[in-house]
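Below is one structure, written out as structure tokens, with a few remarks after it.
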Amino acid sequence: MVFSLAEIAEHIGGKVQGDPQHEVNGVATLLKAGGTDISFLANSKYKKYLTESSAGAVLIDETVLDLVSTNAIIVQDPYVAYAKVANLLFPPDISDNSTHPTAWLSPDCDCHASASIGAHVYIGKDTQIAERVIIGPGCVIEDGAKIGTGSRLSANITVCKNVVIGKNAIIHPGVVIGADGFGIANDQGKWIKVPQLGSVVIGDDVEIGANTTIDRGALDDTVISNGVKLDNQIQIAHNVTIGEHTVIAGCVGIAGSTHIGKYCAIGGGTAIAGHLNIADGVQFTGMSMVTKSIKKSGVFSSGIPVEPTAQWHKNVIRYRKLESLTDRIKQLESLAKD
Amino acid sequence: MVFSLAEIAEHIGGKVQGDPQHEVNGVATLLKAGGTDISFLANSKYKKYLTESSAGAVLIDETVLDLVSTNAIIVQDPYVAYAKVANLLFPPDISDNSTHPTAWLSPDCDCHASASIGAHVYIGKDTQIAERVIIGPGCVIEDGAKIGTGSRLSANITVCKNVVIGKNAIIHPGVVIGADGFGIANDQGKWIKVPQLGSVVIGDDVEIGANTTIDRGALDDTVISNGVKLDNQIQIAHNVTIGEHTVIAGCVGIAGSTHIGKYCAIGGGTAIAGHLNIADGVQFTGMSMVTKSIKKSGVFSSGIPVEPTAQWHKNVIRYRKLESLTDRIKQLESLAKD
Amino acid sequence: MVFSLAEIAEHIGGKVQGDPQHEVNGVATLLKAGGTDISFLANSKYKKYLTESSAGAVLIDETVLDLVSTNAIIVQDPYVAYAKVANLLFPPDISDNSTHPTAWLSPDCDCHASASIGAHVYIGKDTQIAERVIIGPGCVIEDGAKIGTGSRLSANITVCKNVVIGKNAIIHPGVVIGADGFGIANDQGKWIKVPQLGSVVIGDDVEIGANTTIDRGALDDTVISNGVKLDNQIQIAHNVTIGEHTVIAGCVGIAGSTHIGKYCAIGGGTAIAGHLNIADGVQFTGMSMVTKSIKKSGVFSSGIPVEPTAQWHKNVIRYRKLESLTDRIKQLESLAKD
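Chains as they are written, first to last, in the working numbering: chain A, 1 to 338; chain B, 1001 to 1338; chain C, 2001 to 2338.
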């Protein structure tokens, strides 16, 4: 794919400074870009590379224009502009309307002719595969599942019974959607299974990272709303609901029946207890421990970062002595009063 | 499936209040249940919904009987009763005694005729698949593995060489049982592999959640005892042993050679160091950090939950100054003595 | 496989004490070893079992020779020696030069005749599979991927487009290499995808544990250097680089663009923030929280281990009162000055 800077500027709503007929066919960092690449400055830390960059063009905001020694396209948000240009030059795979000879579709799978079904795929009964869906090698789509228009499932993904996935989902390898939630009841010392009779409903434009798991609901459904973006190895328990456009980084665990609002941002490694309500717009920094509901938007954190191990040992001991420390202060205060 | 309240009461050992001939075929929450559904009250938080529920019947303990305006079945533990009723109305899948045409079984696999083998399954040499086992699409059963009567493996599961799984296991997608433990020895700066020659032995009635991994032992076996219930994305290292009826929530990691007792309950996100002994009946709340053995049953916790980020910053700094704080108190104490 | 102690001693550079013609064909712990097994003492905790062991021979260092009542091979590092002996007696699987009839290789896959391709494997276009590679059942190798000589991929692994894997890799089930990194840009409240155009490059002699995920780079590549050993369920984000011979235990998460040095050792459950530099030789104990770069080698820790829940509650409250505690000390100090 080759585009002139004029074409790109039109696509992203920017203004060319330099030669609008200059053509690019690649993207690269400021340091590595050559004459047919377009680059960008989104982080002021890399400003020093702007002047010396050999890029064919750079995407910048107007404040750094005087540092540029090549062609530029001036935009409001260079990172968003870069994302759009990269999608233009490197569009995602599209369906080739084929079914691999090793795939197995149940006779009553309602699979649109424009879908692409990969090698060793299994698709169960009463399933719906909509237009332009791509289902990559090794995926298992169980009975009753529905996958919406334009969704792309890469490889070795499991979509369990009756799960509903909206339009334009991007789902990465190893993802499991709709396995049983962790429902057990203690019958005189022995755990018995509580059947998980709800499902999972996933909205439109959702992305789900590799090896993430989303459990089906116990009675009602687990819900992932439109525009939610999930990174790798996230665990979402039964009956969790996640509001629109919330983003969650890798290795987060969310326990059962917790409701996460819209436009939240959850840092990697965070653990959120069950039956909580997290308000819209809440942000957690990485490795947060969330045990109570949060009623208003804001940024929240927990955890004490590393220190040299010898010092860590001492601080843990001091922490455990906080009670006696407090008592000693009380004692001093009572002396002071005398 | 349709059952009368009389039939259900007999099945669960309860007592009908109202019309014993009333029939139900579904389960639902108090709020959503209709006339042919049975519901339950297991959490007093939802007591307010009892009176207004349109359920055909409710499972309750006798203390709330006067709040009920529909049929009721009085039981000792409504949640256990609910689990039993849900299993009655929605029994798990049973084997259809078929082998999918795309499955591949090694000639010397000892596979019972009543088992069901799904699409694109691979089963290796010297394997045993017992009566009524279900092996879902995409599963890989390596050489020498044995799977006990009535066990159900859903999809895309890997059971490695010589692993032994007991009766009535329920194993969810993406689980890996018997991959090599993390055994390395440092040979003058270069890590060399220590062969992992043990296996994994899993007892009866064990459930294993999606994408959980259980490593094979280095020399002896890794052991998961009868009745253990594991949630999703748990990591169990080589030579761990887990006692009967212990339950472990999602995202827990247990390092090598640690022994967990019976009837333990381990909260989500907990990390347990290697070579420890955890007594029977120990409970850890979510995100616990366990670095020492625990000799008696009890409830244990760690971690400081989130606070607004600005305050968190300040508290971390104060934590790191605990030493000087202690010194200042000492100083005051010595002054006070003068 | 059967070897005399003389043969073994020669292989590992040790010295036989006792009968050099004694033959062994197995390995076992001191407690379980019989006359045809060889055992070892690597941890002084087990010294008490040395005298009573029925092993055919033991691998020891010379300091414990007088405790031994059977044949011995004296070596400098008994654990390294054990690893070498175990590899000798139980060599890893080797390729059987066969392609399973259910495997699907794209016509232009450059697959060496000595490779072994398992059941239901899919290999895409423009791929290279080198000599003696083993690709186990259910693996998916996407277009353009290259797998180096002698590498072994067990089962249900996904290697995404253009990923490069070096020689002698050992990759366990469920691993995903080269899924898209988590790249999103906020376009006026809506997240848009940033195409992930880099790849993953994995060096020689790398081991990767079950269900670990390694994302492809955004523009440049994610890099795992020679000799790196990764345990299970590790998440490595886009553009992370990991230096040679670094070892990482299970459940670790490393956020985007962080660089980890050589010869590091990272304990299980550790979370490392993005855009950091971790020096060579750094060690983190388990469950560490790493939010800043570390410039010199050393051992670092964080986290407060569990305590009984009632006490934990009190300590958390005291922690949150550290500010008022400090104020009270200030107050006392100002009184003391008067």
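No residue lacks a Cβ here, since even glycine has one placed at the ideal position from N, Cα and C.
- For the C-beta of proline 1020 of chain B, not a single chain A residue is nearer than 8 Å; the gap to the nearest is close to 24 Å.
- The count of Cβ pairs closer than 8 Å, one atom from the segment 2071-2088 of chain C and one from the segment 1175-1187 of chain B, reaches three, so the stretches are in contact.
- The residue from C/Ala2155, C/Ile2008, C/Lys2048, C/Pro2137 with its alpha-carbon nearest to that of leucine 2059 of chain C is C/Ile2008.
- A straight-line Cα-Cα distance of about 60 Å links asparagine 71 of chain A and isoleucine 1135 of chain B.
- Judged by DSSP in its simplified three-state form, threonine 1051 of chain B adopts helix.
- For the segment 2260-2287 of chain C, residues whose beta-carbon sits nearer than 7 Å to a beta-carbon of chain A comprise Ala2271, Ala2273, Phe2284, Thr2285.
- Non-local beta-carbon contacts of glutamate 142 of chain A in its own chain, meaning distances under 7 Å to residues more than five positions away in sequence, involve Gly124, Val159, Cys160, Lys161 in chain order.
- The beta-bridge partner set that DSSP reports for tryptophan 2191 of chain C consists of C/Asn2186.
- Those residues of the segment 2101-2125 of chain C placed with their C-beta closer than 7 Å to a C-beta in chain A are Trp2104, His2120, Tyr2122, ordered along the chain.
- The way I'd put it, the segment 1298-1312 of chain B does touch the segment 289-297 of chain A; three or more beta-carbon pairs between them come closer than 8 Å.
- Each residue's CA atom was taken as its position, placing glutamate 2062 of chain C and glycine 1256 of chain B some 28 Å apart.
- Shown here for glycine 2203 of chain C: same chain residues with a beta carbon closer than 6 Å to its own, the five before and five after excluded, namely Gly2166, Ser2225, Asn2226 in chain order.
- A direct Cα-Cα distance of roughly 39 Å separates leucine 335 of chain A from glycine 1298 of chain B.
- Closest in alpha carbon position to valine 85 of chain A, among C/Ala2083, C/Lys2193, C/Ser2004, is C/Lys2193.
- Against cysteine 1160 of chain B, chain A offers no close residue; the least beta-carbon distance is about 17 Å (beta-carbon pairs closer than 7 Å).
- Beta-bridge pairing by DSSP links phenylalanine 90 of chain A to no other residue.
- For threonine 2213 of chain C, the enclosing beta strand (DSSP E) starts and ends at 2213-2215.
- For cysteine 2139 of chain C, the nearest beta carbon of chain B is not closer than 7 Å to its own beta carbon.
- C-alpha of lysine 1032 of chain B to C-alpha of serine 1053 of chain B: approximately 8 Å in a straight line.
- Taking one beta carbon from each stretch, the segment 1309-1318 of chain B and the segment 314-334 of chain A have fewer than 3 pairs nearer than 8 Å; the two do not touch.
- Residue-level contact check: threonine 291 of chain A touches chain B, since one or more beta carbons of chain B fall below 7 Å from its beta carbon.
- Annotation for valine 175 of chain A: Ile157, Ile208, Thr212 place their beta carbon closer than 6 Å to its own, counting only its chain and skipping 5 residues before and after.
- Using a CB distance below 9 Å, the part of the segment 2087-2102 of chain C facing chain B consists of Asn2087, Leu2089, Phe2090, Pro2091, Pro2092, His2100, Pro2101, Thr2102, ordered along the chain.
- In this structure, the beta-carbon distance from threonine 2127 of chain C to alanine 2115 of chain C does not fall below 7 Å.
- Where threonine 2326 of chain C is concerned, the enclosing alpha helix (DSSP H) starts and stops at 2322-2337.
- In the structure shown, the three-state DSSP call for threonine 2063 of chain C is helix.
- In the DSSP assignment, isoleucine 1073 of chain B falls within the beta strand (DSSP E) that extends over 1071-1074.
- Just so you know, the alpha carbons of glutamate 244 of chain A and isoleucine 260 of chain A end up roughly 9 Å apart.
- Out of C/Asn2277, C/His2275, C/Phe2284, the CA that lies nearest to the CA of glycine 2267 of chain C is found in C/Phe2284.
- Residue B/Ile1254 holds the alpha-carbon nearest to the alpha-carbon of alanine 1237 of chain B among B/Ile1254, B/Thr1029, B/Leu1325.
- Using a Cβ-Cβ cut-off of 9 Å, aspartate 187 of chain A is close to Asp1077, Val1080, Ala1083, Lys1084 of chain B, given in chain order.
- In this model, valine 2027 of chain C and threonine 2246 of chain C are separated by some 28 Å (Cα to Cα).
- A direct Cα-Cα distance of roughly 47 Å separates leucine 2041 of chain C from proline 137 of chain A.
- Contact between alanine 119 of chain A and histidine 100 of chain A is confirmed by a C-beta separation of about 4 Å, below the 8 Å threshold.
- The straight-line gap separating the alpha-carbon atoms of phenylalanine 2003 of chain C and glutamate 2010 of chain C is approximately 11 Å.
- Looking from the CA of phenylalanine 2300 of chain C, the closest CA among C/Ala2265, C/Ala2273, C/Asn2239, C/Tyr2049 belongs to C/Ala2265.
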